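Heads up: the first sequence runs through residues 3 to 803, numbered per this note's numbering. What follows is a short report on a single structure.
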Amino acid sequence: MRREEVVLGGGPFLPASACYISEQMAKNHSSAAEAAYPEDDRPLSQRAMGRPAAASYLEGLNPEQRDAVETLDGPLLVLAGAGTGKTRVLTTRISHILNLGKARPGEILAVTFTNKAAREMKGRIGSMIGGAVEGMPWLGTFHAIGVKILRRHAEAVDLKPSFTVLDVDDQIRLLKQLLAAENIDEKRWPARMLAGLIDSWKNRGITPKRVPEGESFAFGNGKGQALYAAYQKRLKELNVVDFGDLLMENLRLFQEQPDVLAQYQQRFRYMLVDEYQDTNVAQYLWLRLLAQENPNICCVGDDDQSIYGWRGAEVDNILRFEQDFPGAKVIRLERNYRSTGHILGAASGLIAHNEGRLGKTLHTEDQSGDKVALQGCWDDEEEARVIGEDIEQLQRKGHALNEIAILVRASFQMRAFEERFLNLGLPYRVIGGPRFYERQEIRDAIAYLAVTLNPSNDIKFERIVNVPRRGLGDSSVKAVHQLARARGVPLTQAARMIVETEELTARARKSLAGLIGSFDRWRGMIDSMKHTDLAELILDESGYTAMWQNEKSPQAHTRLDNLKELIRFMDEFDTLAGFMEHVTLVMDREAEETEDRVNLMTLHSAKGLEFDSVFLPGWEEGLCPHQRSLDESGRSGLEEERRLGHVGLTRARVRAKITFAQNRRTHGTWQSAIPSRFIDELPVDHVDVVEDTGYGGYGASRFDTVETVFASGFYETPGWQRAQRNRPDTGSPQRRREPLTIEGTLVAASTAEGSGFSTGTRVFHQKFGYGRIAVVDGNKLTVDFEKAGRKKVVDSFVERS
DNA sequence: ATCTCTGTGATTTTT
DNA sequence: TCACAGAGAT
Numbered sequence: 003m004r005r006e007e008v009v010l011g012g013g014p015f016l017p018a019s020a021c022y023i024s025e026q027m028a029k030n031h032s033s034a035a036e037a038a039y040p041e042d043d044r045p046l047s048q049r050a051m052g053r054p055a056a057a058s059y060l061e062g063l064n065p066e067q068r069d070a071v072e073t074l075d076g077p078l079l080v081l082a083g084a085g086t087g088k089t090r091v092l093t094t095r096i097s098h099i100l101n102l103g104k105a106r107p108g109e110i111l112a113v114t115f116t117n118k119a120a121r122e123m124k125g126r127i128g129s130m131i132g133g134a135v136e137g138m139p140w141l142g143t144f145h146a147i148g149v150k151i152l153r154r155h156a157e158a159v160d161l162k163p164s165f166t167v168l169d170v171d172d173q174i175r176l177l178k179q180l181l182a183a184e185n186i187d188e189k190r191w192p193a194r195m196l197a198g199l200i201d202s203w204k205n206r207g208i209t210p211k212r213v214p215e216g217e218s219f220a221f222g223n224g225k226g227q228a229l230y231a232a233y234q235k236r237l238k239e240l241n242v243v244d245f246g247d248l249l250m251e252n253l254r255l256f257q258e259q260p261d262v263l264a265q266y267q268q269r270f271r272y273m274l275v276d277e278y279q280d281t282n283v284a285q286y287l288w289l290r291l292l293a294q295e296n297p298n299i300c301c302v303g304d305d306d307q308s309i310y311g312w313r314g315a316e317v318d319n320i321l322r323f324e325q326d327f328p329g330a331k332v333i334r335l336e337r338n339y340r341s342t343g344h345i346l347g348a349a350s351g352l353i354a355h356n357e358g359r360l361g362k363t364l365h366t367e368d369q370s371g372d373k374v375a376l377q378g379c380w381d382d383e384e385e386a387r388v389i390g391e392d393i394e395q396l397q398r399k400g401h402a403l404n405e406i407a408i409l410v411r412a413s414f415q416m417r418a419f420e421e422r423f424l425n426l427g428l429p430y431r432v433i434g435g436p437r438f439y440e441r442q443e444i445r446d447a448i449a450y451l452a453v454t455l456n457p458s459n460d461i462k463f464e465r466i467v468n469v470p471r472r473g474l475g476d477s478s479v480k481a482v483h484q485l486a487r488a489r490g491v492p493l494t495q496a497a498r499m500i501v502e503t504e505e506l507t508a509r510a511r512k513s514l515a516g517l518i519g520s521f522d523r524w525r526g527m528i529d530s531m532k533h534t535d536l537a538e539l540i541l542d543e544s545g546y547t548a549m550w551q552n553e554k555s556p557q558a559h560t561r562l563d564n565l566k567e568l569i570r571f572m573d574e575f576d577t578l579a580g581f582m583e584h585v586t587l588v589m590d591r592e593a594e595e596t597e598d599r600v601n602l603m604t605l606h607s608a609k610g611l612e613f614d615s616v617f618l619p620g621w622e623e624g625l626c627p628h629q630r631s632l633d634e635s636g637r638s639g640l641e642e643e644r645r646l647g648h649v650g651l652t653r654a655r656v657r658a659k660i661t662f663a664q665n666r667r668t669h670g671t672w673q674s675a676i677p678s679r680f681i682d683e684l685p686v687d688h689v690d691v692v693e694d695t696g697y698g699g700y701g702a703s704r705f706d707t708v709e710t711v712f713a714s715g716f717y718e719t720p721g722w723q724r725a726q727r728n729r730p731d732t733g734s735p736q737r738r739r740e741p742l743t744i745e746g747t748l749v750a751a752s753t754a755e756g757s758g759f760s761t762g763t764r765v766f767h768q769k770f771g772y773g774r775i776a777v778v779d780g781n782k783l784t785v786d787f788e789k790a791g792r793k794k795v796v797d798s799f800v801e802r803s
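Given below as structure tokens:
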């Protein structure tokens, strides 16, 4: 994720001796190498040096794992259940391919979903083959690899090689502008919704032209498709791509340029895919294209752990693998090395209720250990109290808090636990939540750096043009915008032009000129200054650091710390450009946690992790099979929720406890809840019911209150009142009051070179009124206005009167 | 520009 | 209930 990813192509990747053999084998690798294996086919030099025999790393594997590692040719699906050594198989397989000399590191494509997984694989392979990780240039996330390929062929998809990746914030900002331009009421049709829709299209590999007619109506009364097209056009103008494009444009590239596709098909002798159950349609199509020529594709995944359907993952991809890749071999990894027999039994029993699955039966030799505990509680507070007590007891027995996790379905559940733990003085940490890169101050800082590097990055420029406040409010920005659009130039360039005139107030003009000047100055220092020093200088000189120093809010200090952390992070890269290249894609830095704390997170973020003790609160109908999931996706939704439960249980090594609350406060009102259907699906032999002794007596009376509050409160809810009020209002979306003639002038001005104006012409200006042109200087006019006096203006802001 | 008020909606999250 | 975003007021 750091420097090594910037390295393109395959550099030296193995010790010299190994490199030699790889070269040789790669040339005529097919039959000879296969026949030779498993005999010791290392070069004499290596054998003489006493290096471990080729197969030594295979020894610790169980038969299925070994089969998965050694079945190198043809399509292979490895169904790897939870805790069955999936990562080990992947990394050993890569090492094996390299060791046999069947491919060079640069000829292996290995894709993961997260940076974390990619990093882990790099690390493990590095320690297996001897540290030289640079040799795996094509090991990374789908997105990172997508960027790498796109950079090399940017022109083929109407981009410049210097394109940047748009983050979600900027994406929304851009969509909002489009909606405003189209006069769409953002209240009714929020930009986020459109973003989600576009994302879902991109997930499925659907271009604007191919949007199904019905789906276009999912936004703005049928404007969905047109807006998607407009958005794509705008992205190209700005030379940016969004996350979805990283794959979409790759697909387009491969489809439109067969020679480019062929180049990669030949390059990748072996392909490996991690977490295949999480791939979306676009990723699947991408892999299919690459594997057409050379079917050595190995997908590792677990259909029972597919929990990202709602963001485009297609479980179907893994279910259909054998049809998609004819002649595919399927290997099941069912030996679990993580959990006790009871935990595994409970998890297996639960997931067995799903119909759409390939079917695996996890087993373990470990038959010791406790059954899964089950306890009902009165409400969420009691649930937190019970779990808090359990944890304190574990702590007293000497268990590390780091080995304890509470996995919730939805983040609002965390609150009760946090309150309780603060009360008890029990240290905890929340995993997930807002990420470093998503913090406002980090994004602002990055915006400054981005504009310094590339002055035509309009989106970033807009973000910080008035941050910190420098008197460039809406009206000033709008004027710059208008000019930029009329001329078809970036905002910074429009700003340069406008400060030569008197369109803006003297104060705004001075401020804007200062900002532009600063950016020019900073840009001039890129080559002569260390990038981290430059970043610091920019943040200081722009007044950004001062802005937070002057703020008295308690978070201001953290923000300044984060900025320092950003600079420290930058230091891991050689140049500013190198840092910026990776900033959008990889900023998942979490400070290494050393303290002993209980882990609190959602079930989703627990995937891939494991703990000695796991608590699973909130197993209630409507929450653990989440109501929304049921409403929106019916049976498949229910099955995904069940997989979520399965993922939760299989995180536990030695103990797991499921709890549910009979009453839960949601949106302010108390609701009585019934235990999740999943609870009754657990095999009784693996479960111990803990009697709930925590409440007595007052339950019924409280319940009465619940009903009264609910019944009487309804007609006072804001929602109802809103509905009443809005009834007669037939809704008249505000029309933007902009004379059409202005538009006409704008179009004319943008097409004509130079101004079509001459001295003496009577003109009209929105702000200054009527006047007569005194001087024409290219696009700049000096006009004697009847009321405002002599002003310098840009020609596109006036019209003939 | 900075605040206060009002309306709104409320799973899950990576890149 | 409560947090947050956007509009409107000062």
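Yeah, the Cβ is synthetic: ideal placement off N, Cα and C, and Gly gets one too. Computed from a predicted structure; not experimentally measured.
Annotated as proximal: Leu646 and Ile309, with beta-carbon spacing under 7 Å.
Residue environment for Asp172: buried (at least 16 other C-beta atoms within 10 angstroms of its C-beta). In this structure, DSSP gives Val113 an extended state, which the three-state scheme calls strand. Between Ile99 and Ala105, the CB-CB gap stays under 7 Å.
If the five residues before and after Ser544 are omitted, its C-beta is found closer than 7 Å to the C-beta atoms of Tyr450 and Ser520, all from its own chain and listed in chain order. Residue range Val600 to Thr604 is occupied by the beta strand (DSSP E) that includes Met603, with no alpha helix (DSSP H) assigned at that position. With fewer than 16 other beta carbons inside 10 angstroms of its own, Asn185 counts as exposed.
DSSP lists Tyr772 and Glu801 as the beta-bridge partner residues of Phe766. Distances from the alpha-carbon of Gly358 to those of Phe581, Glu316 and Val332 put Glu316 closest. Beta bridge pairing from DSSP links Thr89 with no other residue.
Residue state for Phe662 is assigned as strand, using DSSP reduced to three classes. Taking the C-beta atoms as reference points, Gly773 is found nearer than 7 Å to Asp786. The beta-carbon distance between Phe766 and Asp797, rounded to whole angstroms, is 12 Å. This is too long to meet the 8 Å contact definition.
In this chain, the beta strand (DSSP E) harbouring Asp614 covers Phe613 to Leu618. The alpha carbon of Glu66 has as its nearest neighbour, out of Val795, Gln768 and Leu335, the alpha carbon of Leu335. Taking a contact as a CB-CB distance under 8 Å, the pair Val374 and Ala658 counts as one, their CB atoms being some 5 Å apart. In this structure, DSSP gives Glu543 a helical state, which the three-state scheme calls helix. Judged by DSSP secondary structure, Ala146 falls outside any beta strand (DSSP E) and instead within the alpha helix (DSSP H) spanning Phe144 to Arg154. From the listed residues Ala496, Ser674 and Asp304, the smallest Cα separation to Asp460 is found for Ala496.
Per the Cβ contact rule, the region 596-611 is in contact with the region 432-445 (3 or more Cβ pairs under 8 Å). Measuring C-alpha to C-alpha distances from Arg387 to each of Arg498, Glu421, Val588 and Thr784 identifies Glu421 as the nearest. Nearest to Arg655 by C-alpha distance, out of Gly624, Gly76, Ser615 and Arg290, is Ser615. In the DSSP assignment, Tyr450 falls outside any beta strand (DSSP E) and within the unbroken alpha helix (DSSP H) covering Gln442 to Leu455.
DSSP, read as helix, strand or coil, puts Pro77 in coil. Between Gly303 and the set Cys379, Lys204, Glu634 and Phe115, the nearest pair of CA atoms involves Phe115. Its Cα nearest to that of Pro163, the residue Val149 stands out among Arg175, Leu176, Val149 and Ile174. A direct Cα-Cα distance of roughly 5 Å separates Leu684 from Leu352. Beyond the five residues adjoining it in sequence on each side, Phe617 comes within less than 6 Å, by CB distance, of Ile389, Ile408 and Lys659 in the same chain, given in chain order. Judged by beta-carbon spacing, Trp288 lies beyond the 7 Å limit of Leu321, meaning their Cβ atoms are not closer than that value. The C-beta distance from Ala330 to Pro77 rounds to 4 Å, short enough to meet the 8 Å contact threshold. Assignment of beta-bridge partners to Phe787 by DSSP yields Gly773 and Gly791. In the structure shown, Met273 falls within a strand segment according to DSSP collapsed to helix, strand and coil.
Distance from the CA atom of Met416 to the CA atom of Gly624, rounded to whole angstroms, is 17 Å. Glu622 has Pro677 as its beta-bridge partners, per DSSP. Beyond the five residues adjoining it in sequence on each side, Gln307 comes within less than 7 Å, by CB distance, of Ala84, Gln279, Lys609, Arg645 and Val649 in the same chain, given in chain order. Around the beta carbon of Lys532, fewer than 16 other beta carbons sit within 10 angstroms, so the residue counts as exposed.
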